[in-house]
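J.:
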Amino acid sequence: MNYQHVLEQIADDVAATPGRGRSADYIPALASVDPSRFGIALADTDGKVYGVGEWRTPFSAQSITKVFTLALVLAQDGPTLWEQVGREPSGNPFNSLVQLEYENGIPRNPFINAGALVVTDRLQTLTGDASEDLLDFLRAESGNPDLGFDIEVAASESAHGDRNAALAHFMASYGNIRHPVPTLLDHYFRQCSIEMSCADLALAGGFLARHGVRADGGRLLSRSEAKQINAVMMTCGTYDAAGDFAHRVGLPGKSGVGGGILAVLPGKGTLCVWSPGLDERGNSVAGVAALDRFTTLTGLSVF
Ligand code: DON
60 MNYQHVLEQI ADDVAATPGR GRSADYIPAL ASVDPSRFGI ALADTDGKVY
110 GVGEWRTPFS AQSITKVFTL ALVLAQDGPT LWEQVGREPS GNPFNSLVQL
160 EYENGIPRNP FINAGALVVT DRLQTLTGDA SEDLLDFLRA ESGNPDLGFD
210 IEVAASESAH GDRNAALAHF MASYGNIRHP VPTLLDHYFR QCSIEMSCAD
260 LALAGGFLAR HGVRADGGRL LSRSEAKQIN AVMMTCGTYD AAGDFAHRVG
310 LPGKSGVGGG ILAVLPGKGT LCVWSPGLDE RGNSVAGVAA LDRFTTLTGL
360 SVF
């Protein structure tokens with residue numbers, strides 16, 4: 060398969076789409092990003108990267124980082140995490156509070172904000188510095204030592220972080236958060252603010268396509284754990300649009316409100332697409348269209 064040719068074809072086919080939707084406006088530092096920007100990259104399992112458009116431009120990884128914190132916790136702590144967080148789609152917006160009270164402070168899955176806060180809290184217990192541990196891992200897997208936090212985005216989110224604070228305090232009242240909420244939020248906002256390009260993210264997610272094996276050939280996760288993360292990406296990775304994403308794209312995927320989406324081709328490679336215009340559920344309009352086009356053109360879905 061000529062991946063470069065396929066990506067060029069996709070960029071042509073979706074050329075009218077970037078610019079549709081709106082940049083995330085609840086984080087002021089993200090609201091000013093031009094929604095019409097577009098890039099897509101594919102890393103094969105050997106680490107060769109193909110790309111089109113702004114595939115080397117760093118953007119705010121946001122919730123895509125939740126895949127990596129989950130992997131780090133599972134790698135170090137195994138399945139005990141699943142006592143603190145579920146693995147069912149929520150059917151609710153990513154920042155929703157409503158289910159948490161009915162379900163005794165146990166979030167539905169690790170990719171809604173409540174679940175991601177539990178995972179980051181766990182990583183903080185395991186490492187003593189969750190956001191740095193994550194950054195080290197992303198630098199190693201992407202091969203890019205220049206990756207860093209965008210302190211302006213983290214501060215902007217912190218200044219508008221009442222809802223995440225509410226989620227964290229509420230779960231703390233059930234004993235499902237172990238660190239002081241301000242410490243946890245600090246790590247969570249830094250985690251979300253990491254700037255990465257499509258190429259960085261596609262490379263960093265390579266272990267998901269290699270059934271748990273890291274870029275250097277060492278094993279991070281068992282084959283079964285890698286399957287579990289891919290499965291949760293498929294069922295929960297695009298918030299309350301996960302059914303539509305599975306229907307259109309048919310790949311495990313994780314989106315972020317920076318406009319990125321990471322998608323996994325198990326055994327073959329990882330794709331990352333970026334375009335900041337979001338639909339009403341917080342997923343990149345052009346990003347979903349491009350991945351939809353990819354699986355239609357190539358037949359490479361998991362189904
Ligand atoms: O918690 C937030 O609102 C953001 N830092 C992350 C949002 C995002 O990308 C979607 N979350 N699931």
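Numbering-wise (this note's numbering), the sequence shown opens with residue 60 and increments by one. C-beta: ideal position from N, C-alpha, C; glycine also.
Which residues in the same chain have their Cβ closer than 7 Å to the Cβ of Arg-198, if we skip the five residues on either side of it in sequence?
T.: Within its own chain, the residues whose Cβ lies closer than 7 Å to the Cβ of Arg-198, once the five positions on either side in sequence are excluded, are Pro-204 and Leu-206, listed in chain order.
J.: Assign Ala-338 to one of three DSSP states: helix, strand, or coil.
T.: For clarity, residue 338 is Asp in the given sequence; the question names Ala instead. It is coil, neither helix nor strand.
J.: If you follow the alpha helix (DSSP H) that Ile-123 is part of, which residue opens it and which one closes it?
T.: Careful: Ile-123 lies outside any alpha helix (DSSP H) and carries neither H nor E.
J.: Near Ser-343, which residues of its chain fall below 8 Å by C-beta distance, leaving aside the five closest residues on each side in sequence?
T.: Gly-80, Ser-314, Gly-318, Gly-319, Ile-320, Val-332, Trp-333, Ser-334, Pro-335, Gly-336 and Leu-337
J.: Over what stretch of residues does the alpha helix (DSSP H) that includes Leu-156 continue unbroken?
T.: Counting along the chain, Leu-156 falls outside any alpha helix (DSSP H), and DSSP gives it neither H nor E.
J.: Starting from Asp-103, trace the alpha helix (DSSP H) in both directions and tell me its first and last residue.
T.: Here Asp-103 belongs to no alpha helix (DSSP H); instead the beta strand (DSSP E) covers 98–103.
J.: Return the chain-ordered list of same chain residues with a C-beta closer than 6 Å to the C-beta of Ala-345, the five sequence neighbours on each side being excluded.
T.: These residues qualify, in order along the chain: Val-73, Thr-76, Pro-77, Phe-97 and Ser-334.
J.: Which full runs of the beta strand (DSSP E) of 3+ residues lie inside the stretch 262–349, going along the chain?
T.: 312–314, 319–324 and 328–333
J.: Taking its Cβ as the centre, do 16 or more other Cβ atoms sit within 10 Å of Met-292, making it buried, or is it exposed?
T.: buried
J.: Decide if the stretch 220–230 is in contact with the stretch 239–248; the criterion is three or more beta carbon pairs, one per stretch, under 8 Å apart.
T.: Between the stretch 220–230 and the stretch 239–248 there are three or more inter-stretch CB-CB distances shorter than 8 Å, so the stretches are counted as touching.
J.: Is Cys-257 close to the ligand DON? I mean its beta-carbon at under 8 Å from any heavy atom of the ligand.
T.: Every heavy atom of the ligand DON is 8 Å or more from the Cβ of Cys-257, so no.
J.: In chain order, what residues of the same chain have a beta carbon less than 7 Å from the beta carbon of Ala-300, not counting five sequence neighbours either side?
T.: Arg-340 and Asn-342
J.: For the ligand DON, I want to know if Phe-153 counts as a neighbour, meaning its beta carbon is within less than 8 Å of at least one of the ligand's heavy atoms.
T.: yes
J.: For the ligand DON, any of its heavy atoms closer than 8 Å to the Cβ of Ile-171?
T.: Result yes, Cβ under 8 Å from the ligand DON.
J.: Could you tell me which residues DSSP pairs with Pro-77 in its beta bridges?
T.: Arg-79
J.: Is Ile-86 near the ligand DON, judged by its Cβ being under 8 Å from some heavy atom?
T.: yes
J.: If contacts are defined as beta-carbon pairs under 8 Å, then Phe-170 and Cys-295 qualify, I think. What distance do you get, rounded to the angstrom?
T.: 5 Å
J.: CA-CA distance, Ala-120 and Ala-213?
T.: When rounded, the distance between both Cα atoms is 12 Å.
J.: When you compare the stretch 321–329 with the stretch 150–167, are there three or more beta-carbon pairs, one atom per stretch, that lie closer than 8 Å?
T.: no
J.: Please find out if some non-hydrogen atom of the ligand DON comes closer than 8 Å to the beta-carbon of Gln-158.
T.: Outside the cutoff, so no.
J.: Less than 9 Å between the beta carbons of Gln-135 and Thr-104, yes or no?
T.: no
J.: Can you check DSSP and say which residues form a bridge with Val-111?
T.: Per DSSP, Ile-99.
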